[in-house]
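Notes to accompany the following structure.
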Amino acid sequence: MTPTPGPVGAVRQGSLRELNLAVVLGRIAAADRPPSRAVLATETGLTRATVSAVVEDLITGRLVTEAEPAPRSGAGRPARGLVLAGNGPAGLGLEINVDYLAVCVVDLAGRVRHHTVHRADLRPVSPADALSRLVELAGQARAEAASQGLTLAGAALGVPGLVDDAGTVRLAPNLGWRDVPVPALLAGLPPLTERVDGVPPIVVDNEANLSALGELHAGSDGPASFLHISGEVGIGAGIVLDGDLFRGARGWSGEIGHIPVHSAGRPCRCGGRGCLEQYAGQEAILAAAGLDRADLPADTAPVRLTELAETGSVDALRALHEAGTALGIAVASVVNLLDLDTVVLGGGYAPLTPWLRPPVLDEISRRVLTAAWSPVTVRPAALGADAAAVGAAGSVVRRIIARPAGWLARTG
Numbered sequence: 092m093t094p095t096p097g098p099v100g101a102v103r104q105g106s107l108r109e110l111n112l113a114v115v116l117g118r119i120a121a122a123d124r125p126p127s128r129a130v131l132a133t134e135t136g137l138t139r140a141t142v143s144a145v146v147e148d149l150i151t152g153r154l155v156t157e158a159e160p161a162p163r164s165g166a167g168r169p170a171r172g173l174v175l176a177g178n179g180p181a182g183l184g185l186e187i188n189v190d191y192l193a194v195c196v197v198d199l200a201g202r203v204r205h206h207t208v209h210r211a212d213l214r215p216v217s218p219a220d221a222l223s224r225l226v227e228l229a230g231q232a233r234a235e236a237a238s239q240g241l242t243l244a245g246a247a248l249g250v251p252g253l254v255d256d257a258g259t260v261r262l263a264p265n266l267g268w269r270d271v272p273v274p275a276l277l278a279g280l281p282p283l284t285e286r287v288d289g290v291p292p293i294v295v296d297n298e299a300n301l302s303a304l305g306e307l308h309a310g311s312d313g314p315a316s317f318l319h320i321s322g323e324v325g326i327g328a329g330i331v332l333d334g335d336l337f338r339g340a341r342g343w344s345g346e347i348g349h350i351p352v353h354s355a356g357r358p359c360r361c362g363g364r365g366c367l368e369q370y371a372g373q374e375a376i377l378a379a380a381g382l383d384r385a386d387l388p389a390d391t392a393p394v395r396l397t398e399l400a401e402t403g404s405v406d407a408l409r410a411l412h413e414a415g416t417a418l419g420i421a422v423a424s425v426v427n428l429l430d431l432d433t434v435v436l437g438g439g440y441a442p443l444t445p446w447l448r449p450p451v452l453d454e455i456s457r458r459v460l461t462a463a464w465s466p467v468t469v470r471p472a473a474l475g476a477d478a479a480a481v482g483a484a485g486s487v488v489r490r491i492i493a494r495p496a497g498w499l500a501r502t503g
């Protein structure tokens, strides 16, 4: 049976409205100062009437609000600028790592409105139990968001391992996870967010990728290409090239922690030997500093190492120098391959940058072919240890900005 043709004009009209909504909201989100309706009309090429209608839809849907008018010296009423609303949809960022759970709420303007870290050694815990604990924390975040007038419109979860397109964690060696169907396990638990067209209820990704995305969007002055390294118990990297995250053919790029730095070195949980994690991972640094029995959680270990380094502890300084040397060997290989000029040290590495950077730069100068005339910058991450959870929440927010019609369909 031949299907009856639908209302083509209406479909086109609807598509045009969705496009206009995305264009106008995108301009407001990217503006350095709140643009007026007239400025938006000029920048987008849309008529003033169309811009006014779109803006009213965005205001009604709690996506945009009017800023306070700037003082005006001349006659007439000053134009009202437009900014992203602080009481509408928000993103929920989640992270499962070896010894902590993190939950973060970010509003449409990128402001962190809630953040909590729960310390727990998750290696002896089953994936289902770990996710159940995370959902409990997410429920608390949802209630806190609601008390601030926010609605969670989607969630993203970062895990320290290989994640396929379906959200299955194929391998997270430091957690002991293999072929864990995270979305299916979450489906049997209380919902994390509201349902919004065009925004997946949960996206599962590698935590280093989400950290790199968080760093990319943390400010407008950063480089368009860089290597972001997350230093925890494991070590992961997010590769950003020309403003886009490079995922590789199967989405599994960035496993810098398993680059061998000693060919016949220490055995690794991945099954290999001499991996970078065994020399520059958090547990390796603590052991070298004589703190392997101190039972320091992930968020306090870098603080303790910083304190010891600042007071001149010989063991701590030696441990950080050895870790920086191993890290520099791996980084030099990546820089030689991808021609990157910026390396960002994130996670637990961020506060340790003053001690890690010199040996990393020494290895880069020794091993990178172009180092003599093309220097590499090594700096701490802007978001530090919070990058994965903040980056996860921010990825949800950016999907809403890219497709606001889905949110408006829910609220309209």
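The sequence shown begins at 92 in the working numbering and counts up by one. We treat Cβ as the ideally placed atom computed from N, Cα and C, and that holds for glycine. Since this is a predicted model, take the numbers as computed values, not measurements.
Give me the DSSP bridge partner(s) of Trp268. Paired residues: Ala263.
Does Gly136 pass the burial test, meaning 16 or more other C-beta atoms within 10 Å, or should it be called exposed? Under this definition Gly136 is an exposed residue.
Check whether the region 360-376 touches the region 397-417, taking contact to mean three or more Cβ pairs, one atom from each stretch, closer than 8 Å. With a cut-off of 8 Å, the region 397-417 and the region 360-376 count as touching, because enough Cβ pairs lie within range.
Do you know how far the Cα of Ser106 is from the Cα of Val99? Note that Val99 scores 38 on pLDDT, short of 50, meaning its location in the model is unreliable; the coordinates nonetheless yield the value given after this. Approximately 11 Å, taken between the alpha carbons.
Along the chain, which unbroken stretches of the beta strand (DSSP E) at least 3 residues long are found entirely within the region 108-178? With a minimum length of 3 residues, the continuous beta strand (DSSP E) runs that stay inside the region 108-178 are 155-157 and 173-175.
Local conformation of Glu186 per DSSP, three classes: In the structure shown, Glu186 sits in a strand (DSSP, three-state: E or B).
Beta-carbon spacing of Ala176, Val197 below 8 Å: It is not a contact, given that the beta carbons lie outside the stated cut-off.
Need the endpoints of the alpha helix (DSSP H) that Val488 sits in, please. Start and end: Ala478 to Ala493.
Taking Cβ to Cβ, would you say Val504 is nearer than 8 Å to Pro281? Because the chain spans 92 through 503 in this model, residue 504 falls outside it and cannot be assessed.
DSSP three-state label for Tyr370, please. Helix.
Would you give the residue range spanned by the alpha helix (DSSP H) that Ile455 belongs to? First-last of the alpha helix (DSSP H) with Ile455: Thr444 to Arg458.
Buried or exposed by the 16-neighbour rule on C-beta atoms within 10 Å, applied to Pro96: With a pLDDT of 43 at Pro96, under the threshold of 50, the modelled position of that residue is not reliable, and no figure is offered here.
Select from Val130, Asn265, Leu399 and Leu228 the residue whose C-alpha is nearest the C-alpha of Leu283. Looking at the Cα atoms, Leu228 is the closest of the given residues.
Less than 8 Å between the beta carbons of Cys361 and His353, yes or no? Between Cys361 and His353, the CB-CB gap reaches or exceeds 8 Å.
Length of the line joining the Cα atoms of Arg108 and Gly201: If I take the Cα positions, the gap works out to 25 Å.
Residue interval of the beta strand (DSSP E) (run including Thr468): It spans Thr468 to Pro471 - the beta strand (DSSP E) in which Thr468 sits, taken as one unbroken run.
Under three-state DSSP, which class holds Asp335? The answer is strand: DSSP assigns Asp335 an E or B state.
If you measure between the beta carbons of Ala193 and Ala480, is that distance less than 8 Å? The answer is yes: Cβ separation under 8 Å.
Just to confirm, are Leu474 and Ala309 a CB contact at a threshold of 8 Å? Yes, the Cβ-Cβ distance between Leu474 and Ala309 is below 8 Å.
Measuring straight from C-alpha to C-alpha, what distance separates Leu154 and Asp148? Taking C-alpha positions only, Leu154 is separated from Asp148 by approximately 9 Å.
Label Pro215 either buried or exposed according to how many other C-beta atoms from any shown protein chain fall within 10 Å of its C-beta, with 16 as the threshold for buried. Here Pro215 is exposed, its C-beta having fewer than 16 other C-beta atoms within 10 Å.
Residue ranges of each beta strand (DSSP E) within the region 193-219, 3 or longer: Listed in chain order, the beta strand (DSSP E) elements of length 3 or more contained wholly in the region 193-219 are 203-210.
Run through the region 373-443 for me and flag every whole beta strand (DSSP E) of 3 or more residues, listed as ranges in chain order. With a minimum length of 3 residues, the continuous beta strand (DSSP E) runs that stay inside the region 373-443 are 433-438.
Taking the C-alpha atoms as reference points, what is the distance between Asp383 and Arg409? Cα to Cα, the separation comes out at about 15 Å.
Check whether Gln239 and Arg204 have beta carbons under 8 Å apart: Pairing Gln239 with Arg204 gives a Cβ-Cβ distance under 8 Å.
Secondary structure of Val226, DSSP reduced to three states: Note: Val226 maps to helix in three-state DSSP.
Thinking C-beta only, is Val434 closer than 8 Å to Val469? Result yes, Cβ atoms of Val469 and Val434 sit closer than 8 Å.
What are the boundary residues of the alpha helix (DSSP H) that Ala303 is part of? Following the DSSP letters along the chain, one finds Ala303 inside the alpha helix (DSSP H) bounded by residues Glu298 to Leu307.
Out of Leu243, Pro466 and Tyr191, which has the shortest C-alpha to C-alpha gap to Ser486? A check of alpha carbon separations from Ser486 across Leu243, Pro466 and Tyr191 identifies Leu243 as the nearest.
What residue does the beta strand (DSSP E) around Ala244 start on, and which one ends it? For Ala244, the uninterrupted beta strand (DSSP E) run begins and ends at Thr242 to Val250, by DSSP.
Quick one: residues in its chain with C-beta nearer than 7 Å to the C-beta of Gly381, no 5 flanking neighbours on either side, listed in chain order? The beta carbon of Gly381 sits closer than 7 Å to those of Asp406, all from its chain and outside the five residues before and after it, given in chain order.
What are the partner residues of Gly322, as DSSP defines its beta bridges? According to DSSP, which records beta bridges pairwise, Gly322 is partnered with Ile326 and Gly438.
Sequence-distant residues of the same chain with beta carbon closer than 6 Å to Ala524, five excluded per side: No information on residue 524 is available, as it lies outside the stretch 92 to 503 that the chain covers here.
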